[in-house]
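*Asks:* Going by this note's numbering, the sequence shown opens with residue 1071, and the numbers climb by one from there. Think of the CB as a built atom: it goes at the ideal place given N, C-alpha and C, for glycine as much as any other residue. I am attaching a structure below and will ask some questions about it afterwards.
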Amino acid sequence: ITLDRLANMSANRAPVLAMTKSKTQSEDALKNLLEKRRLSVEAQRISSIVENCISQLEIAATLPAILCLNSDSSVVDEELMRALRKHQLSETRLERETLECIEQESEGEDEEARKRVKTPLEKDIKDSVRDLLRLLRSCPDAISGLREEQGMEVGESECELIMVLKMFHSHMVDKLQTSLDEDLQRISRKKMEVTNLQESLEENNKQIAGLSLAQKCPPQISKKQASMQQEMGQLNIQLNNLMLENRRAERTLRKVSLADLELNQIEYESGEEELRSLEKRFSVLESEYDQIMERRRLAEEKRQTEMRELELKIKAAIFAQAWWRGYSTRKALKNRGKSKTAKKGKGKKR
1071 ITLDRLANMS
1081 ANRAPVLAMT
1091 KSKTQSEDAL
1101 KNLLEKRRLS
1111 VEAQRISSIV
1121 ENCISQLEIA
1131 ATLPAILCLN
1141 SDSSVVDEEL
1151 MRALRKHQLS
1161 ETRLERETLE
1171 CIEQESEGED
1181 EEARKRVKTP
1191 LEKDIKDSVR
1201 DLLRLLRSCP
1211 DAISGLREEQ
1221 GMEVGESECE
1231 LIMVLKMFHS
1241 HMVDKLQTSL
1251 DEDLQRISRK
1261 KMEVTNLQES
1271 LEENNKQIAG
1281 LSLAQKCPPQ
1291 ISKKQASMQQ
1301 EMGQLNIQLN
1311 NLMLENRRAE
1321 RTLRKVSLAD
1331 LELNQIEYES
1341 GEEELRSLEK
1351 RFSVLESEYD
1361 QIMERRRLAE
1371 EKRQTEMREL
1381 ELKIKAAIFA
1391 QAWWRGYSTR
1401 KALKNRGKSK
1411 TAKKGKGKKR
């Protein structure tokens, strides 16, 4: 694709492009105006910086396609053509020096010498890219024509980067937009400021009218007014001094409060750390306490079981002893009765 063809195509498409561009530009301008009304001054500056970055990135992404054009063809802007030729020459020199550096590196030559040779070429490349961006920003019609040509596609990584930046810009604008309540509050503040200014203006007008009347008053009144003005000046000086002292005291108190706040924060953090350590120790002690209480419970249950068994054994022993005593007593009584009957029988036989 030659630059002559680009110029002819841009000339043929000029009416249609002008109508579509005017329509899209009016819509974009209306949209941007509505967005800017919702943005603060700082937000508008940030948005313009990001938009400029996106525009420069889009132009830089089309540079490889622009450099592929025939540099010998005629172009609408001669300054742009000279910048393109200069950039192509710098790029060719840099590629040649890079190849030579690679060959010298394989041969084992000094690396610092190669860097000294490449540094001015890299600076020339940066300067030429900056000049090209400046010239292409001043020629938006040429850029739009190049983008509409077949074969002038941007690389995948560049498209992805531009898309991500546009998404970031829209998200940032949404975040920076002020809400309706904030707009109403700002408008109310402006109205209050206007009202205050009007009141101060009316007071100044009254003072001016009073001064004009004072000039027409007798000398005694003017002297009294001069003394009152002098007294007012002294009072204003005292007021300013008191305000300065109050500001100094406020700064001192603020520093003290900040220092106290930092100390309290440090104490709070140390207390939190100590609390965490105590909680850990408490959890360990609690588990140990539970184990000890469990062992005590088991020991108490075992002792109660042993006591019940001992009571049963004692009762059984008492019962056995009582039974044995009764048995022994009955047997002794029985034996005693038998001995008495035996003695009586022997006496009768005699």
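Measuring straight from C-alpha to C-alpha, what distance separates Thr1307 and Lys1261?
*Replies:* For the sequence presented, residue 1307 should be read as Ile rather than Thr. Cα to Cα, Ile1307 sits roughly 31 Å from Lys1261.
*Asks:* Using the C-alpha atoms, what's the distance from Gly1396 back to Ala1386?
*Replies:* 15 Å
*Asks:* Quick check: what's the CA-CA separation for Leu1203 versus Asn1122?
*Replies:* 11 Å
*Asks:* Using beta-carbon positions only, say whether Ser1160 and Ile1195 come within less than 7 Å of one another.
*Replies:* yes
*Asks:* So, at 8 Å on beta carbons, what are the nonlocal neighbours of Leu1191 in its own chain, with the 5 sequence-adjacent residues on each side left out?
*Replies:* Ser1160, Arg1163, Leu1164, Glu1167
*Asks:* What is the C-beta distance between Leu1127 and Leu1206, in whole angstroms, given that I count them as a contact (C-beta under 8 Å)?
*Replies:* Between Leu1206 and Leu1127 the Cβ distance is about 12 Å, and since that is not below 8 Å, they are no contact.
*Asks:* Alpha carbon to alpha carbon, how far is Ile1378 from Leu1368?
*Replies:* Sequence check: residue 1378 is Arg here, not Ile. Going from the Cα of Arg1378 to the Cα of Leu1368 covers about 15 Å.
*Asks:* Determine the DSSP secondary structure at Ser1110, reduced to helix, strand or coil.
*Replies:* Looking at Ser1110 - three-state DSSP - the assignment turns out to be coil, as it is neither helix nor strand.
*Asks:* Is the distance from the Cβ of Asp1201 to the Cβ of Ala1153 below 7 Å?
*Replies:* yes
*Asks:* Report the rounded CA-to-CA distance for Ser1282 versus Lys1294, giving the unit in angstroms.
*Replies:* 15 Å
*Asks:* Write down the C-beta distance between Ala1113 and Leu1246 rounded to the nearest angstrom, noting that I regard them as a contact closer than 8 Å.
*Replies:* 4 Å
*Asks:* By Cβ distance below 6 Å, which residues in the same chain neighbour Glu1170 in space, the five residues on each side in sequence not counted?
*Replies:* none
*Asks:* Candidates Thr1132, Thr1265, Ser1198, Ser1327: which alpha carbon is nearest His1157's?
*Replies:* Ser1198
*Asks:* Determine the burial state of Arg1259: buried for a count of at least 16 other Cβ atoms within 10 Å of its Cβ, exposed for fewer.
*Replies:* exposed
*Asks:* Our contact map puts Lys1236 next to Ile1119 with C-beta atoms below 8 Å; I'd like the distance itself, whole angstroms only.
*Replies:* In fact, because the Cβ distance is near 14 Å, the residues do not count as touching under 8 Å.
*Asks:* Find out if the Cβ-Cβ distance for the pair Val1234, Ser1117 is shorter than 7 Å.
*Replies:* no
*Asks:* Going along the chain, which unbroken runs of the beta strand (DSSP E) with 3 or more residues stay wholly within the stretch 1389-1414?
*Replies:* Those beta strand (DSSP E) runs which fall completely within the stretch 1389-1414 and span 3+ residues do not exist here.
*Asks:* Using DSSP with H/G/I as helix, E/B as strand and the rest coil, what is Cys1209?
*Replies:* coil
*Asks:* Which residues in the same chain have their Cβ closer than 6 Å to the Cβ of Gln1300, if we skip the five residues on either side of it in sequence?
*Replies:* none
*Asks:* In this structure, does DSSP put Gly1225 in helix, strand or coil?
*Replies:* coil
*Asks:* Between the alpha carbons of Ala1081 and Pro1134, how many angstroms are there, rounded?
*Replies:* At Ala1081, the pLDDT of 38 sits below 50, so the modelled position is not reliable and the matter cannot be decided from this model.
*Asks:* To the nearest angstrom, report how far apart Gln1304 and Val1111 are at their CA atoms.
*Replies:* Gln1304 and Val1111: Cα-Cα distance of roughly 41 Å.
*Asks:* Near Lys1325, which residues of its chain fall below 8 Å by C-beta distance, leaving aside the five closest residues on each side in sequence?
*Replies:* none
*Asks:* Between the alpha carbons of Lys1401 and Glu1370, how many angstroms are there, rounded?
*Replies:* Cα-Cα distance, rounded: 46 Å.
*Asks:* Give the straight-line distance between the Cα atoms of Phe1352 and Glu1344, rounded to the nearest whole angstrom.
*Replies:* 12 Å
*Asks:* If you draw a straight line from the alpha carbon of Ala1319 to that of Val1264, how long is it in whole angstroms?
*Replies:* 32 Å
*Asks:* Work out the CA separation of Glu1337 and Asn1275 for me, nearest whole Å.
*Replies:* 58 Å
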